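Comments concern the structure below.
Chains as they are written, first to last, in UniProt numbering: chain A, 1 to 1221; chain B, 1 to 344.
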């Protein structure tokens, strides 16, 4: 698309129309009834006769027909024009074209003057039309997809088009079907009343998500009958939050049941693993969450473009000055004749005298038309084209292609390629960005004893399983026995060789338990060590949200019980509560609970064969790592249902834990918990897993002496081990448990249920509820997970740093881990001094910052006088100690960067980011070579980026892979997403998506540099070219009484930029390489060129302008003197000037071009050929047309004139002579 | 078993997509630049000398006859009241003025390139389309020279036609006190395309060109209507009058000359012999009001047109600059080279 002038309003393609539509709907409803303004009430459609429709309360909701097109046949022209005229440049050019229709000021044939504008407008319009047509086609396709809708008349499900679907319809969904709308799940063929969906189209995550039938419908044994449904659903207004859905369903009995996001199936998702599901449509069409989320491409304006706009503004000023000059000149010229009008002066059409002043005013407008070329109409189009080509080349780069994942770099933002060459600060996430984010369980400590598991990386072991989270494709490696060895990476997290000692203990523990179970002995006789080990592994196994599936049958859930009448099946918390109150349980139920669940018969067989092949799909790689680790210790997760987790243990066989609650992970609590009923002890047990800092604070050693002492000891030892782990760069997690008495549980449950059913503030209430539960925990142990560095990270960081980039790492990890990784990836240097900022309060933080600042100043701010002694020292100890010196990048930035590292933790960061301290913080941080922010929240990450960007006025790049980096990525000038393990959110939010961190090096150093230097040069060249051409006409004004006449024919004047001189610069702008890729990578220092905007400095614009004026002087006056006082006529003189201006401009480009490819030669040849062809055809076409100028047969005549050739040789050489020097 | 799905996204490994197109990187080493400049410089100097010498061979005889000075022969004609004034300018040639001799009239400070002047014409009329004689074509800009005070349409309309140069000249060689008229050839002095393609006379009505102009009036400044421009040659009338065509081709610069006649006939086919000449000027065209000058120019032409020293000089200057630069560069290069050698 064409860029606007000083600002551009890129239409948000689909989102906009969707939103406007929904707001329209909302408005409509608001008028209808005020009561509905806060919530949406959905009735079942079959209660009403749709044909009459009048009384259907759902009729005001948007239907499922989507229309993402912007135009209709009728509205296209006016609407498209209207949109295009939002761009200032277009308005300007149309204004000029229209000026031509005013007889007193016109300069060209009015129709011709319209040509460029019409050309530009129609190119854009055709592009818009084509895009819109494509949208229309895809809309139509989507609208005409089939789905099964329950029909009131036929009393069965009938096929209907998606567009006919309405809110309140019941639809039946089959396996692998795409959801047509946001549907509330009412029934599922799955005996657990689950429905699995894949949300890849929404968030890019390929792991299955479970959705659950609305609670009150779970107990339905028979098939769901729409006619029996008579409840009313009240829920939120349509909104775009994918992870939130609140509402309740009101049954006829008046009972209310809460509705959660787990009950909602979103449009665009695919049903998997579930044969059939029935639901009621809640939101349809443009009101679905998917559509509301559908925002168009991001628009960012690059630094270069901002700079360019300043110069466009200067061009306007120059234009006005030139016009004003001419107007005044004309006025004076008229004035000198006084009353005696010369014969060649033409009076006004009415025959009256034009006063000099009036003529001057008219002339001013005429000059604007004549000089319009100075504002480069084609510049904006050309830049777009060049950027698209640049994006294409970046896409195509083999070196940015990752074989392993078969993905290459994606440019999601098309218009900031050149910003890549101007970066100054890089903000990087650690996990998944610098590291693989493929977690490997390394060590653990249980009950204060440390066990280390040594991994074996079986590099070329033919393992048939695929990575968790990666969807096995048909024909994919999962089913191909000759799996490529490159897949080995994926296996590491499963190939855990268990520590034999711990293994023995696990075995011992289970055998004892089994023994006790058979002898009905209370379990508390087992020594606490073993008990802890047992609990530890149970916690690892069940305290997560891992989904189990078997690779042979993709997405096939394993361990599906067929019967549902055993005790622990009751899913509703309410019923659990009632059962808790039962004093005595039927014996057979208990036994049932201890026996392995009864899986489907065939499944059991499959299970037996593929037991080791179970795949775990986890939302975070840590979870998967832990589950795999537990499996290595023979404590395997074999099945997970929303209300039950099945674990297979040695000796004990399969144990089913009734899952009462899952308190999911959130970044504030930094932990997750599950509440289960322990099948062996019958106790309500809470297992918690979380960051060590938070879990350790929640541990309350028992009060009684013996136990408490032991626990304190464990706590102490574990803390030591945790520190050790962190020092090794391992990610640590603490595992804790808590046993609840029935009374405690009951009282907590009461509150929790209230929270769950609340519509308002539900999240907060649930959060508080979780906080209430997670107290007084008993520490079980801790785990250390290794996250290996990605390939080439240290090298990349080193080379980026050499390129003068400041690298900050913002991570959520704990300080020790972060520091270790930082050392590992050479972000911190062992010789570097590290300032660590850890403060407990605002004041402490202020003092710390103050001190560090003083320290830095005292230590590093050397006296400005050059000290020979220091210089000698500097040379000697350059690498051995921190020296006061501009480090490798120092001289380029306005402040000194010392060999210092700054480490700051999240809490301190929060204080430091306060308004009062942010300046101090920046002062400290910017004098450090590297900055490491640990334990930072997503919000803090973005605040840091924003702070640096706004305060230091530097170009920032944020790179990350996870959802927690999204805000940072969005804030930075350039956001880069790593398409790694943690879903696609970061990629979705990013401008560029990389498969690996190390590709950043080539992206920035090579492509960034090229894009920047190409575009900068092209823009400067554009300004030069236009100024040079326009100045020719300006000089002529001195010889035509400043009358606005031009010796260059109007055709050449208008098409010169658009056609004749357009192609070579596009080729050069796309292909030119000032430095080869190899050199750029070997000498990262060359990158500073772009950082300091050295290719395009403000003075360069003026240098180019001066050059343009000089060249135009030569190009004007050589022909002038060659032809003065001869019988040459206007255009016979003007055409050679045009020609040699073209030669000069092309030759100038030739000097600017550093690498000549065949394309360059061809484009230049083409340009010249085009000019002569057009000129010859135009000059031969029509003897009398093209008034007011008439250039019939002039080019033909010139080609026979030796003077023409002589001029064309000497002038460009003379004009460009200074360039060669 | 080949796995095709695996690398579906792999970019094409071609020289173009990988930006590895064979490229020529001009490295401006001294070895290329210095000889390059030298060669260009010498070539230019050569061309320059050639041009300059050619230009020198062209003979030019220029005479201003505006009559600004009181003692100039045409001074009396500058008085506006003096109509149909004739004056005589004499000159002598010391050598043979080799033919063919081109006879120009020249004007200076005359802005034929003035924008509003330039558009003031109607090509549709000038192609002889009588439909546009009375009703004006939409794009014409003839006003205020479109209708006369009685609202009769002017043909040809517009300021250019109206301001046609109307001084006429007769050239005499003075041999022994008697005047021998030098025949002036007015044929083919305009562009071939103008005479044959661009401009057409209206088709005569009943064999009379004048009838075709019925209902129109002559331009205000013209003494006679268009169909009576040349009373001596009936084929040189209307829009196809050579002087008219020459005038209509607007000059590029405010100082210009236009071809008036050629001297190709009779005794003067070989040129103007040495001797005294007298030019009789029928002085009609006022230029003093805008401080203009009128002149006549006799010139012969070479392959490069009329006399023009500038182009030759330009070549010489640019060529010399190139040579000088190459020498300077050589010196600098040598200096660095030797200092490098010293270092080594």
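Idealized CB from N, CA, C, for every residue including glycine.
Since the structure is predicted, the reported quantities are computational estimates derived from the model, not experimental observations.
Asked: Within 9 Å of chain A by C-beta, residues of the stretch 178-198 of chain B in sequence order; Found: 191, 192, 193, 194, 197, 198
Asked: Spatial distance of residue 965(A) from residue 429(A) (CA atoms); Found: 7 Å
Asked: Beta carbon proximity, residue 1044(A) to chain B, threshold 8 Å; Found: yes
Asked: Members of the stretch 294-316 of chain B that neighbour chain A once the beta carbon cut-off is set at 8 Å; Found: 303, 304, 305, 306, 308, 310, 311, 314, 315
Asked: Expected contact under 8 Å - CB spacing of residue 929(A) and residue 899(A) to nearest Å; Found: 6 Å
Asked: Proximity winner among 127(A), 689(A), 657(A), relative to residue 385(A) (alpha-carbon distances); Found: 127(A)
Asked: Burial state of residue 821(A), where buried means 16 or more other Cβ atoms lie within 10 Å; Found: buried
Asked: Reduced DSSP category for residue 416(A) - H, G, I as helix; E, B as strand; rest coil; Found: coil
Asked: Every unbroken beta strand (DSSP E) within the stretch 175-244 of chain B, with a cutoff of 3 residues, ordered by chain; Found: 178-181
Asked: Residues bridged to residue 699(A) [DSSP beta-bridge criterion]; Found: 777(A)
Asked: Cβ distance (whole Å) where residue 1132(A) is taken to contact residue 1194(A) below 8 Å; Found: 5 Å
Asked: Contact check, residue 278(A) vs residue 216(A), beta carbons under 8 Å; Found: no
Asked: Within-8 Å CB hit, residue 245(B) to chain A; Found: no
Asked: Candidates 199(B), 301(B), 60(B), 113(B), of which the one nearest residue 1048(A) by Cα; Found: 113(B)
Asked: Exposure of residue 772(A), with buried meaning 16 or more beta-carbon neighbours within 10 Å; Found: exposed
Asked: Span separating the alpha-carbon of residue 1154(A) from that of residue 1107(A); Found: 19 Å
Asked: Chain-ordered neighbours of residue 250(B) on chain A, where CB pairs are closer than 8 Å; Found: 1129, 1130
Asked: First and last residue of the uninterrupted beta strand (DSSP E) at residue 151(A); Found: 146-151
Asked: Integer Cβ distance of residue 132(B) from residue 297(B), believed to fall under 8 Å; Found: Between residue 297(B) and residue 132(B) the Cβ distance is about 36 Å, and since that is not below 8 Å, they are no contact.
Asked: Proximal chain A residues relative to residue 115(B), where beta-carbon distance stays under 8 Å; Found: 107, 366, 1040, 1043, 1044, 1045
Asked: Closest by C-alpha distance to residue 447(A), when choosing among 1212(A), 720(A), 96(A); Found: 720(A)
Asked: Selection from 292(B), 29(B), 222(B), 44(B) that minimises the alpha carbon distance to residue 324(B); Found: 44(B)
Asked: Through-space distance from residue 282(A) to residue 185(A), alpha-carbon basis; Found: 10 Å
Asked: DSSP beta-bridge partners of residue 153(B); Found: 147(B)
Asked: Minimum C-alpha distance to residue 714(A) - residue among 1098(A), 533(A), 1061(A); Found: 533(A)
Asked: Distance between residue 693(A) and residue 950(A) (C-alpha atoms, nearest Å); Found: 33 Å
Asked: The stretch 905-921 of chain A contacting the stretch 843-862 of chain A, beta-carbon criterion three pairs below 8 Å; Found: yes
Asked: Test: residue 258(B) CB closer than 8 Å to a CB of chain A; Found: yes
Asked: Range of the contiguous alpha helix (DSSP H) that encloses residue 1226(A); Found: What is shown of chain A runs 1 to 1221, which leaves residue 1226(A) out entirely.
Asked: Own chain partners of residue 664(A) with C-beta closer than 6 Å, once the 5 adjacent residues on each side are dropped; Found: 672
Asked: Segment contact, 8 Å Cβ cut-off, at least three pairs: the stretch 128-146 of chain A with the stretch 109-117 of chain A; Found: no
Asked: Every unbroken beta strand (DSSP E) inside the stretch 28-86 of chain B [3 residues or more]; Found: 60-64
Asked: C-alpha gap between residue 247(B) and residue 77(B), whole angstroms; Found: 23 Å
Asked: Contacts around residue 262(A), its chain only, beta-carbon distance under 7 Å, and the 5 residues preceding and following it disregarded; Found: 211, 212
Asked: Proximity below 8 Å, CB of residue 315(B) to CB of residue 1124(A); Found: no
Asked: Min CB distance residue 210(B) to chain A below 8 Å; Found: no
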